[in-house]
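Chemist: Read in full-length UniProt numbering, the sequence shown has 121 at position 121, and its numbers run on one by one without any break. For every residue, glycine included, the Cβ atom is placed at its ideal position computed from N, Cα and C. Source: prediction; values computed, not measured.
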Amino acid sequence: MVQTVFFYPKETIMSKDKNQIIVGINREIIDTETDSSAEFHVIRHVSLDYATGFNVVSLDSYVRKSTFERRGRSVGSMQLNISGVPPRGTDVLDWAYQAVVAAVEEGAVDAYGQPIAANSLTGAELVYADLPEAAI
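Here it is, written out as structure tokens:
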């Protein structure tokens, strides 16, 4: 599944606390073909094109956060297109996570005048973790 998200940050992107990072997204999604559910989603791959501002984010979906933490298998994946570029000095993963869950303004259109639709993770909860002591 590929969905397009247009994200235009209004302020500097930062984690909840300067000693924390975003580690995933919490939202239950049920696969309509298999009825299986996944509630924890993590970025697996980010491809940034600074010239065009057209970026691709791939996410893996897990039944729950504990499945991911114990290195269990994902139950699915999704790919989202995100427009814009992260500001210099920004943590790219934090920027990408925030872009994925960002609200879509009513009436927003893309460069071709087409309406921008929300993705399945729009408005979802970001999951934070403390930075390891060695990184502080």
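Give the straight-line distance between the Cα atoms of Phe40 and Arg27, rounded to the nearest whole angstrom.
Modeler: 6 Å
Chemist: Going along the chain, which residues of its own chain have a beta-carbon closer than 7 Å to the beta-carbon of Arg64, five neighbours each way excluded?
Modeler: Glu39 and Phe40
Chemist: Where does Leu93 fall in DSSP's three states?
Modeler: In the structure shown, Leu93 adopts helical secondary structure according to DSSP, grouped into three states.
Chemist: Report buried or exposed for Phe7, applying the criterion of at least 16 other Cβ atoms within 10 angstroms of its Cβ.
Modeler: Model confidence at Phe7 stands at a pLDDT of 47, short of 50, so the residue's coordinates are unreliable and nothing is read from them.
Chemist: In terms of DSSP beta bridges, what is Pro115 paired with?
Modeler: DSSP output for Pro115 lists Val109 as bridge partner(s).
Chemist: Could you give the DSSP three-state label for Ser74: helix, strand or coil?
Modeler: coil
Chemist: Closest to Val100 by C-alpha separation, out of Asp35, Gly53, Gly89 and Asn119, would be which residue?
Modeler: Asn119
Chemist: Just tell me which of Glu105, Gly107, Ser77 and Ala117 has its CA closest to the CA of Arg44.
Modeler: Ser77
Chemist: Identify, in the order they occur along the chain, each residue of the same chain with its Cβ nearer than 7 Å to the Cβ of Ser74, setting aside the five sequence neighbours on each side.
Modeler: Asp60, Ser61 and Tyr62
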